[in-house]
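Comments concern the structure below.
Protein chains: 2
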Amino acid sequence: MANILAIDDDAAILRLIKKMLEMKNHTVTTIQDIKDITIAEINKHHLLLLDVMMPGEDGFDICTKIRPLIHIPIIFMTAKSDESSIIKGLSIGGDDYIIKPFSIHEVNARIEAHLRREARPKREAASAFIDNNIFIDLEAKKVIFQGQEITLTKIQYKICELLALHKGKVFSKEGIYEAVYSMDSDSQISTVVEHIRVIRKKFAQYNLSPINTVWGVGYIWE
Amino acid sequence: MANILAIDDDAAILRLIKKMLEMKNHTVTTIQDIKDITIAEINKHHLLLLDVMMPGEDGFDICTKIRPLIHIPIIFMTAKSDESSIIKGLSIGGDDYIIKPFSIHEVNARIEAHLRREARPKREAASAFIDNNIFIDLEAKKVIFQGQEITLTKIQYKICELLALHKGKVFSKEGIYEAVYSMDSDSQISTVVEHIRVIRKKFAQYNLSPINTVWGVGYIWE
DNA sequence: TTCAATGTTGATAGAGTCTTGATGTTTTAT
DNA sequence: ATAAAACATCAAGACTCTATCAACATTGAA
Numbered sequence: 001m002a003n004i005l006a007i008d009d010d011a012a013i014l015r016l017i018k019k020m021l022e023m024k025n026h027t028v029t030t031i032q033d034i035k036d037i038t039i040a041e042i043n044k045h046h047l048l049l050l051d052v053m054m055p056g057e058d059g060f061d062i063c064t065k066i067r068p069l070i071h072i073p074i075i076f077m078t079a080k081s082d083e084s085s086i087i088k089g090l091s092i093g094g095d096d097y098i099i100k101p102f103s104i105h106e107v108n109a110r111i112e113a114h115l116r117r118e119a120r121p122k123r124e125a126a127s128a129f130i131d132n133n134i135f136i137d138l139e140a141k142k143v144i145f146q147g148q149e150i151t152l153t154k155i156q157y158k159i160c161e162l163l164a165l166h167k168g169k170v171f172s173k174e175g176i177y178e179a180v181y182s183m184d185s186d187s188q189i190s191t192v193v194e195h196i197r198v199i200r201k202k203f204a205q206y207n208l209s210p211i212n213t214v215w216g217v218g219y220i221w222e
Numbered sequence: 223m224a225n226i227l228a229i230d231d232d233a234a235i236l237r238l239i240k241k242m243l244e245m246k247n248h249t250v251t252t253i254q255d256i257k258d259i260t261i262a263e264i265n266k267h268h269l270l271l272l273d274v275m276m277p278g279e280d281g282f283d284i285c286t287k288i289r290p291l292i293h294i295p296i297i298f299m300t301a302k303s304d305e306s307s308i309i310k311g312l313s314i315g316g317d318d319y320i321i322k323p324f325s326i327h328e329v330n331a332r333i334e335a336h337l338r339r340e341a342r343p344k345r346e347a348a349s350a351f352i353d354n355n356i357f358i359d360l361e362a363k364k365v366i367f368q369g370q371e372i373t374l375t376k377i378q379y380k381i382c383e384l385l386a387l388h389k390g391k392v393f394s395k396e397g398i399y400e401a402v403y404s405m406d407s408d409s410q411i412s413t414v415v416e417h418i419r420v421i422r423k424k425f426a427q428y429n430l431s432p433i434n435t436v437w438g439v440g441y442i443w444e
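Chains B and R, in that order, are what the protein sequence lines are.
The first sequence: position 177 = 177 (the working numbering), numbered continuously.
Each position in the second sequence, counted from 1, maps to that position plus 222 in the working numbering.
Here you go:
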């Protein structure tokens, strides 16, 4: 039983979806215009059904725009059945793509699959992959790029793990220091700067530069 | 670049899948019999492609059995295209269902979507809001337009946040100064004017001009 | 204990940001 | 129409934060 948000310009389709999903005991909010809802409100739902062909801003545009801020699955529902549209939809951040006219049962099965997956506890993965590109082996405490290990020292690895597992979040030097060092240690903050430099140097050997500087704030992995 | 496991009884199909995904820089392990691999080994991969029709235990049986122990996405790949099979596959724990013969590009797009989703950090709803299609992420302290960040410096961002959060309200230069600067700083008011100019310039690159001048009073976001 | 690897520090160069004043432009009031 | 006031623009340089490097300290393994 989830809160599902459906956005479509066609009121009849919205009614159908709503009726159908409410029969499965979901709560459904329907919206005809994206402007009627805020990002925060979207995130309060568990899943977003998004029509593609709408007057003005279409579903692809909306997805591109909101995806970085939305943390729920986005499922496109559209009559556009050509392969390039499917690929586009999935590429810009869609989690699934359902073609109209759709089978009520399949839609429901797909929604259930997505909801189940959201609920699935993220076990402590032995390896996390960042950007589909850099692997971080949390057990072995290693960073691997294209099958090759980028050898890091303990502190260097810890900093990388912290930043990489929270990619997109800015960490201040102080924040990094506190996360990586034990309470009682009292080095100067500038050691963090030095570690960052060495880490960057090592990554640069592989033409990687994942750590960016946010001026006056700190460092960010992106 | 992920470690992908493909299970199918047909060696030819496995070769095809392997070749295709390796072209996309994934690492692919192929298995013809589920008995050749352990649960722990499966979990070391990032995604499982599972054939349905196999002699002995079929894909559905396997999925049912291992799903509670497997934490990676499972994608069925099968020629069984009838609705009830799709629904069954998704119901018993499959995360997606691809029908043979498949489009290489669509398979890849779906795999990418699943991998991206695994990498997606589970975050609280970001406290962000929209205005004129401009997103302001109060947590990340970023301004985003059409998925792209408009890079602002610290002070520039603060001014934008102040104005945008109170859109429709006019702020005097003095008001902006006091809101953005710390007590003890004593710059001239004209620096605010300069900041506004640079902010406008940055927004103008995207054909945006959210900040208007109210003569003799101050600035307003609308 | 010794040596090599790693971690820390401070000095300095470098890059990014902020501020200022001079100057040009637009608006308002007379 | 003109002057005064408010705002916009620009470039220079002051300022702040970051990157780099080399020297020194510490740790850990042989």
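The beta-carbon is built from N, C-alpha and C at its ideal position, and this holds for glycine as well.
For Asp-8/B and Ser-306/R, the gap between their C-alpha atoms comes out near 27 Å.
Contacts between Ala-113/B and chain R, judged by CB atoms closer than 7 Å, involve Leu-312, Gly-316 and Asp-317 in chain order. The shortest C-alpha to C-alpha distance from Lys-88/B to any of Pro-101/B, Ala-109/B, Phe-171/B and Thr-64/B is the one to Thr-64/B. Taking the beta carbon of Asn-133/B as reference, the chain R residues within 7 Å of it are Met-223, listed in sequence order. Annotation: the continuous beta strand (DSSP E) that includes Ala-228/R extends over 225-229.
Under the DSSP assignment, Gly-175/B falls in the alpha helix (DSSP H) whose first and last residues are 173-180. Chain R has a Cβ within less than 8 Å of the Cβ of Trp-215/B.
For chain B, none of the residues of the segment 392-409 of chain R brings a beta carbon within less than 9 Å of one of its beta carbons. Secondary-structure assignment with DSSP links Tyr-441/R through a beta bridge to Phe-393/R and Thr-435/R. Secondary structure of Lys-142/B (DSSP, three-state): strand.
Neighbours of Gln-368/R in chain B, taken as residues at a C-beta separation under 7 Å, are given in chain order as Thr-64 and Lys-65. Within the same chain, Leu-47, Pro-73, Ile-75, Asp-95 and Asp-96 come within 8 Å of His-114/B by CB-CB distance, once the 5 residues on both sides are set aside.
Rounded to the nearest angstrom, the gap between the Cα atoms of Ser-209/B and Asp-255/R is 41 Å. Your pair Leu-385/R and Phe-393/R checks out as a contact, with CB atoms roughly 6 Å apart and the cut at 8 Å. Listed along chain R are Glu-305, Ile-308 and Ile-309, each with a C-beta nearer than 7 Å to that of Glu-106/B. Residues of chain R with a Cβ closer than 8 Å to the Cβ of Ala-140/B do not exist; the shortest Cβ-Cβ separation is about 12 Å.
Here DSSP, grouped into helix, strand and coil, assigns Glu-371/R to strand. Non-local beta-carbon contacts of Tyr-399/R in its own chain, meaning distances under 7 Å to residues more than five positions away in sequence, involve Ile-411 and Val-414 in chain order. In terms of beta-carbon proximity, Lys-241/R stays away from the interface with chain B, with every pair separated by 8 Å or more.
Taking all protein chains shown into account, Arg-110/B has 16 or more neighbouring C-beta atoms within 10 Å of its C-beta and is therefore buried. In the three-state reduction of the DSSP assignment, Met-275/R falls in the coil class, being assigned neither a helical nor a strand state.
Contact annotation, Ile-421/R with Leu-374/R: C-beta distance approximately 7 Å; criterion of less than 8 Å satisfied. For Ile-99/B, the closest of Gly-216/B, Ser-81/B, Ile-13/B and His-26/B by C-alpha to C-alpha distance is Ser-81/B. Not one beta carbon of chain B lies nearer than 8 Å to the beta carbon of Lys-423/R.
When the beta-carbon positions are compared, Asn-434/R and Tyr-441/R come within less than 8 Å of each other. Selection Gly-168/B, Leu-16/B and Lys-202/B evaluated against Ser-103/B yields Leu-16/B as nearest (Cα-Cα).
Ranking Val-329/R, Ile-292/R and Ala-301/R by CA distance to the CA of Ile-314/R puts Ile-292/R first.
DSSP, reduced to helix, strand and coil, places Phe-60/B within a helical segment of the structure shown. Non-local beta-carbon contacts of Phe-425/R in its own chain, meaning distances under 7 Å to residues more than five positions away in sequence, involve Ile-372, Ser-431 and Pro-432 in chain order. Among the CB atoms of chain B, one or more fall inside 8 Å of the CB of Asp-359/R. By the neighbour-count criterion, in which a residue is buried when 16 or more other Cβ atoms sit within 10 angstroms of its Cβ, Ala-140/B is exposed.
Chain-ordered, the chain B residues with CB closer than 8 Å to the CB of Ala-331/R read Ile-86, Ile-87, Leu-90 and Ser-91. Within the segment 233-263 of chain R, no residue places its CB atom closer than 7 Å to a CB of chain B. Pairing Lys-18/B with Val-28/B gives a Cβ-Cβ distance under 8 Å.
Within chain R, the residues Ile-366 and Gly-369 have their CB atoms less than 7 Å from the CB of Pro-68/B, given in chain order. Within the DSSP bridge table, the entry for Leu-47/B names Ile-4/B as partners.
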